[in-house]
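Here's the structure, in structure tokens; my notes come after.
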Amino acid sequence: MESGGSGGSSSKKGKKVEQQSKKRQKTNTIDYMNYIPEAIVFHILSLLPLGELIIMSLVSQRWKDTVVRYLKIVPSSLNLDECEMPGTILKRDGQCLLRSNFAHSGYSLQQRHCLIRAARKSFIEFVDRCLQLHSDCMINNLRLTFLHEAGGDYEYTRKIDMWVHFAFTKDIKELSLDFSDLTLSKPLAQPFELPHGYFAPKITKTFSLKFCKFRLSTFQVFGSLKGISLVQVEILDGSLAELASKCPVLKDVNLVNCVFPDQFMMSEEDIIVEKLSVIDCKTEEWEACNINLSTPCLLKLHIVGNILMTSHIRNATKLLDVTFCMEEINENYLQGDALGSFFIELGHSRSLTVNNCCIQVLPAGNDLLQGLPTYLNNLNHLCLLVGLEKQEMPGISCLLRSSPNLENLTLLLLGTGREIFQNDAPPFFDLEERIYWDERNSTFSCVQNSLKKVTMDGFSGRNNEMKLIQFLLKKARVLRKMEIISISTAEVMEKIQYLSETLSYFPRASPLASIEFC
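Residue 364 in the UniProt record's numbering sits at position 364 of the sequence shown, with consecutive numbering throughout.
Here is the structure:
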């Protein structure tokens, strides 16, 4: 009996242990993530960087679906940089080996090729997976940066073509494609040509391209595009007018170091943009660009580099801000007349910035040197990038005399500048710079009646600087403030107190004029 009772007790204990074991197994197989509210899961995902989101999507199909649902709700900003990708094996001590001199990196040529292949494979897999997850999602910002050379790895080129096609056919608000990284290690690298197609991005508002070949005929329409920036881009066809016609709401055009067809910047039709920036661009034929545009809605114009003397900006009646800096000007008296006429076309502007090259050549075609053919009546602010050298003085006088309503004058001092006229200088450059401003007896209307603030940035106490300050203080009857920003060299800082005291004794036409050193 006792033996039987003992056996029954053991049997009950065994069943109990078995039940507890099954219960534990059942508990262990429960996925508690199913019970977490999706809002909390999405919050957790929002804390993860892009690389870890990609890893989460690889855990299971359910996690992939969860990540995709999250991405559809929260638009992403993707920065996919081949050299800056987290954990890339092309980095050593925080530096990308392809962006430095690989010959001094300690790797043999064979090791270099192996590293590049391995890194590129990793980058391709990462980008493929990332874009796949975002295939049906809106993307706020997509930036793709490549280390690629035209005529290089065919398979990689094919992949880039696919990614670019993705970028042009998906819902992306801000798009940037940068192929320029390779130029840092291979200055003679050939630019990548964008794939052919007939693209019509729907919601892209800003579009940036760098170091590639671009065919305008590749695109049908950018219905939402407001801003386009092309840097180191070879534009193979089309014109600015065609670009504007394909972008009905375009406002901002930025062209830097671009090469385009000879007629690209010429049009009889109105170009409806508000901001136009052309910096160091040239045509296929000239080391300069020829501009002839009608821009009735233009608010801001920025031209740096070289333009042909036949250039014109027409109908710019809403223009507010102009920057015009020419880098190379030949000894040619006709350029003064052409430049003066160009400024007259920009006469509606309220702010004008010009550099020393323009200032030196500006009055060269004007024998009287009294001013431009027509006053710049709307000009409120004049900014001059000058060295206050001898050949700049007539040009400065010309602009001051042509701006009767000027209120703010800014002088950005560049140090000693290059003199344009080296050999056959016009007779009006035969002047004594030491006493030039002392001899300006004729009245500058703006200096006498409207000039309220003068800023001199880069002050070092040179005689020409002191003479101009003395002239302005003596003549400016409504001047309120003379702001002087000195250069921070030891030599200047040692004599700044003496210079300040010297300036304080200069006579002032305005009793309200103050001198402030910064």
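We put the CB at the ideal spot given by N, CA and C, even for glycine.
Fill in: Simplified DSSP state of residue 402, which is helix, strand or coil
Within the sequence shown, residue 402 is the residue found at index 402, counting from 1. Looking at residue 402 - three-state DSSP - the assignment turns out to be coil, as it is neither helix nor strand.
Discussion item. With three or more C-beta pairs closer than 8 Å as the rule, is the region 65-79 touching the region 149-168?
Written reply: no
Discussion item. To the nearest angstrom, how far is the alpha carbon of residue 440 from that of residue 304?
Written reply: Against the sequence shown, residue 440 aligns to sequence position 440. Against the sequence shown, residue 304 aligns to sequence position 304. C-alpha separation (whole angstroms): 31 Å.
Fill in: Residue from 119, 347, 339 and 438 whose Cα sits closest to the Cα of residue 357
Residue 357 sits at position 357 when you count from the first residue of the sequence shown. When each option's Cα is compared against that of residue 357, the closest is 339.
Worksheet item: Any idea what DSSP makes of residue 148, helix, strand or coil?
Response: Here residue 148 is taken as the residue at index 148 of the sequence shown, counted from 1. Here residue 148 sits in coil by DSSP.
Fill in: Neighbourhood of residue 323 by C-beta distance below 6 Å, restricted to the same chain and skipping five residues each side
Along the sequence shown, read from residue 1 onward, the residue named residue 323 stands at position 323. Excluding positions up to five away in sequence, the list reads 302 and 353.
Fill in: Host alpha helix (DSSP H) of residue 252 (start-end)
Along the sequence shown, read from residue 1 onward, the residue named residue 252 stands at position 252. Run containing residue 252: none in the alpha helix (DSSP H); it sits in the beta strand (DSSP E), 252-256.
Worksheet entry | Limits of the unbroken beta strand (DSSP E) element including residue 51 | In the sequence shown, residue 51 corresponds to position 51, counting from 1. Looking at the DSSP string, residue 51 is not in any beta strand (DSSP E); the run it does join, the alpha helix (DSSP H), is 50-59.
Worksheet item: residue 246 lies in the alpha helix (DSSP H); which residues open and close that run?
Response: One-based indexing of the sequence shown puts residue 246 at position 246. First-last of the alpha helix (DSSP H) with residue 246: 240-246.
Fill in: Buried/exposed call for residue 482, threshold 16 Cβ in 10 Å
Position 482 of the sequence shown, counting from 1, holds the residue named residue 482. Residue 482 is buried by the Cβ-count criterion.
Fill in: Neighbour-count burial assignment, residue 163, 16 or more Cβ in a 10 Å radius
Residue 163 sits at position 163 when you count from the first residue of the sequence shown. So residue 163 ends up on the buried side.
Worksheet item: beta strand (DSSP E) containing residue 537: first to last residue?
Response: Outside the modelled stretch of the chain, which goes from 1 to 518, sits residue 537, for which no answer is possible.
Discussion item. Going by beta-carbon coordinates alone, are residue 313 and residue 293 separated by less than 8 Å?
Written reply: Mapped onto the sequence shown, residue 313 falls at position 313. Mapped onto the sequence shown, residue 293 falls at position 293. Cβ distance < 8 Å, so residue 313 and residue 293 count as in contact.
Practice prompt. Just the C-alpha distance for residue 235 and residue 229, rounded to the nearest angstrom, thanks.
Written response: The sequence position of residue 235 within the sequence shown is 235, counting from 1. The sequence position of residue 229 within the sequence shown is 229, counting from 1. Cα to Cα, residue 235 sits roughly 12 Å from residue 229.
Worksheet item: Going by alpha carbons, who is nearest to residue 495 out of 459, 196 and 479?
Response: Counted from its first residue, the sequence shown places residue 495 at position 495. Of 459, 196 and 479, the residue nearest in Cα terms is 459.
Discussion item. Assuming residue 201 and residue 166 are in contact, meaning their beta carbons sit under 8 Å apart, how far apart are those beta carbons, in whole angstroms?
Written reply: Against the sequence shown, residue 201 aligns to sequence position 201. Against the sequence shown, residue 166 aligns to sequence position 166. That pair is no contact at about 11 Å.
Worksheet entry | Supposed close pair residue 133, residue 67 - CB separation, criterion 8 Å | By one-based count along the sequence shown, residue 133 stands at place 133. By one-based count along the sequence shown, residue 67 stands at place 67. The pair is a contact, with the Cβ atoms about 6 Å apart (cut-off 8 Å).
Item to complete: Can you tell me which of the three DSSP states residue 184 falls into?
Response: Here the question's residue 184 lines up with position 184 in the sequence shown. Below a pLDDT of 50, predicted positions are generally treated as unreliable, and residue 184, at 47, falls in that range; no measurement from the model is reported.
Worksheet item: Looking at residue 172 and residue 204, is the spacing between their C-beta atoms short of 8 Å?
Response: By 1-based counting over the sequence shown, the position of residue 204 is 204. By 1-based counting over the sequence shown, the position of residue 172 is 172. Result yes, Cβ atoms of residue 204 and residue 172 sit closer than 8 Å.
Practice prompt. Measuring alpha carbon to alpha carbon, tell me which of 227, 225, 223 and 192 ends up nearest residue 215.
Written response: In the sequence shown, residue 215 corresponds to position 215, counting from 1. With distances taken between Cα atoms, residue 215 lies closest to 192.
Item to complete: From the DSSP output, in three-state form, read off residue 138 for me.
Response: On the sequence shown, position 138 is the one that residue 138 refers to. Here residue 138 sits in coil by DSSP.
Worksheet item: Skipping 5 residues on each side, what residues in its chain have a beta carbon closer than 7 Å to that of residue 179?
Response: Against the sequence shown, residue 179 aligns to sequence position 179. The residues are 146, 148, 191, 192, 210, 211 and 212.
Worksheet item: Mind checking whether residue 321 and residue 351 have CB atoms under 8 Å apart?
Response: To locate residue 321, count along the sequence shown from 1; it is residue 321. To locate residue 351, count along the sequence shown from 1; it is residue 351. In contact: residue 321 and residue 351 (Cβ atoms closer than 8 Å).
Worksheet item: On the three-state DSSP scale, how would you describe residue 74?
Response: Along the sequence shown, read from residue 1 onward, the residue named residue 74 stands at position 74. The answer is coil: DSSP assigns residue 74 none of H, G, I, E or B.
Worksheet item: CB-CB under 8 Å to residue 156, same chain, minus the five flanking residues each way: which ones, in chain order?
Response: Within the sequence shown, numbered from 1, the residue matching residue 156 stands at position 156. 120, 124 and 148.
Item to complete: Measure the alpha-carbon distance for residue 520 versus residue 176 and round it to whole angstroms.
Response: No answer is possible for residue 520: the residues shown for the chain start at 1 and end at 518.
Worksheet item: Comparing alpha-carbon positions, which option in 448, 263, 493 and 394 lies nearest residue 461?
Response: Sequence index remark: in the sequence shown, residue 461 carries index 461 (1-based). Among 448, 263, 493 and 394, the Cα nearest to that of residue 461 is on 493.
Fill in: residue 174 in three-state terms, based on DSSP
Here residue 174 refers to the residue found at position 174 of the sequence shown. DSSP places residue 174 in strand when its eight states are reduced to three.
Worksheet item: For residue 436, which residues of its own chain have a beta-carbon under 6 Å away from its beta-carbon, when the five flanking residues on both sides are left out?
Response: In the sequence shown, residue 436 corresponds to position 436, counting from 1. Cβ within range, chain order: 393.
Worksheet item: Can you pull the DSSP bridge partners for residue 486?
Response: Translated into positions along the sequence shown, residue 486 becomes position 486. Answer is 459.
Worksheet item: In the DSSP assignment, what residue or residues form a beta bridge with residue 409?
Response: The residue given as residue 409 occupies position 409 in the sequence shown. Answer is 382 and 454, bridged to residue 409.
Discussion item. For residue 506 and residue 499, what's the separation of their Cα atoms in angstroms?
Written reply: The residue labelled residue 506 in the question sits at position 506 within the sequence shown. The residue labelled residue 499 in the question sits at position 499 within the sequence shown. Their backbone Cα atoms lie some 11 Å apart in a straight line.
Worksheet item: Nearest CA to the CA of residue 316: which residue from 469, 480, 261 and 270?
Response: On the sequence shown, position 316 is the one that residue 316 refers to. Ranking 469, 480, 261 and 270 by Cα distance to residue 316 puts 270 first.
Discussion item. Give me, in chain order, the residues of the same chain whose beta-carbon lies closer than 8 Å to that of residue 514; leave out the 5 immediate sequence neighbours on both sides.
Written reply: Position 514 of the sequence shown holds residue 514. Cβ within range, chain order: 480, 481 and 482.
Item to complete: Using the Cα positions of residue 449 and residue 376, report the straight-line distance between them to the nearest angstrom.
Response: Along the sequence shown, one-based indexing puts residue 449 at 449. Along the sequence shown, one-based indexing puts residue 376 at 376. Between residue 449 and residue 376, the C-alpha separation is close to 15 Å.
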